[in-house]
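Here's the structure we're looking at; comments come further down.
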Amino acid sequence: MRRVHLLLGLCLVMLLGGCATSAHDPLAPKTAGNVDLKRYQGKWYELARLPMRYQEGCEQSEAHYNLKQDGTFGVLNRCRTIGDEWLRAEGHANIQEPGHTDKLWVEFDNWFTRLVPGVARGEYWILYVDDRYHTAIVGSPDRKYLWILSRTPSLPAWQRESLLAKARQQGYDTSRLIWRTADQQIVKSH
């Protein structure tokens, strides 16, 4: 049963976030502005996330984005469990509003989305991305979900603190973040 929850979590990781908050809400978090989606594509490591039921048991997560010719993203999320098993979910993302590349809809391919297309999609707001496209902060506009991402599986403390400060300025509760488990800790658990 735990495996089913993890797999569902990968499918729903970004789908439940933010549906109650309007994109035009003046209290909504500020997004990054124009995001170069070609530079944003590729592999991102999840360094930290706010707790969510659907990622319980994920010790390490990563997202792979592949920009397609039609302007949509192919999405592959992977989760490594404490038992060193990799679970995966595939989906797609597209821009919420033309000309605003920092706000995306994400939808994963599963039985529910095939049954009712377009209903189970989540808001994926890019709140921050650095100039080199090395670190990013992504969240839902209702502030229930937050992910701190990096192109590398770890960052220096000063850089983590800078990202945390940016998230707090946006109104996210960073005291509840779940941090990525180091590789050596997963290997030791066997």
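Those letters in the sequence shown? Residues -22 to -1, 1 to 168, per mature numbering (1 follows the signal peptide of the UniProt record, and there is no 0), in order.
Every residue, glycine too, gets a C-beta built ideally from N, C-alpha and C.
On a predicted model such as this, the values are computed, not experimentally measured, just so you know.
Residues sharing a beta bridge with residue 106, DSSP: Paired residue(s): 115.
Three-way DSSP call (helix, strand, coil) for residue 38 in this model: DSSP places residue 38 within a strand segment (E or B) once states are collapsed to three.
Rounded separation between residue 146 and residue 117 - CA only: So the two alpha carbons sit approximately 12 Å from each other.
Counterpart residues of residue 12 in DSSP-defined beta bridges: Per the DSSP secondary-structure output, residue 12 pairs with nothing in a beta bridge.
CB-CB length for residue 115 against residue 106, believed under 8 Å: Between residue 106 and residue 115 the Cβ distance is about 4 Å, and since that is below 8 Å, they are a contact.
Nearest-angstrom Cα separation, counted from residue 132 out to residue 161: Going by C-alpha positions, residue 161 is about 10 Å away from residue 132.
Buried versus exposed call for residue 31 [16 or more other C-beta atoms within 10 Å across all chains shown]: Per the 10 Å Cβ criterion, exposed.
C-alpha distance - residue 72 paired with residue 52, whole-angstrom precision: The straight-line gap from Cα to Cα measures roughly 9 Å.
One or two residues paired with residue 60 in a DSSP bridge: Beta-bridge pairing links residue 60 to no other residue.
Pairwise C-alpha distance: residue 149 and residue 6: The straight-line gap from Cα to Cα measures roughly 9 Å.
Backbone CA spacing between residue 9 and residue 81 [nearest angstrom]: Going by the C-alpha atoms only, they are around 8 Å apart.
8 Å contact criterion, which residue 104 and residue 13 should meet: CB distance rounded: Yes, residue 104 and residue 13 are in contact; Cβ-Cβ is about 5 Å, under 8 Å.
Burial state of residue 64 (16 or more Cβ within 10 Å): If you draw a 10 Å sphere on the C-beta of residue 64, you find fewer than 16 other C-beta atoms in it, and that means exposed.
Cβ-Cβ distance between residue 45 and residue 19 below 7 Å: With contacts defined as CB atoms closer than 7 Å, residue 45 and residue 19 qualify as a contacting pair.
Exposure of residue 11, with buried meaning 16 or more beta-carbon neighbours within 10 Å: That one is exposed.
Proximity of residue 26 and residue 157 at Cβ, strictly below 7 Å: Going by C-beta atoms, residue 26 is nearer than 7 Å to residue 157.
Within 7 Å, strictly: CB atoms of residue 172 and residue 60: Residue coverage of the chain in this structure runs from -22 to 168, which leaves residue 172 outside it and unanswerable.
Cβ neighbours of residue 144 in the same chain (closer than 8 Å, five flanking residues each side left out): Excluding its 5 nearest sequence neighbours in each direction, residue 144 has C-beta neighbours in its own chain below 8 Å: 105, 106 and 115, listed in chain order.
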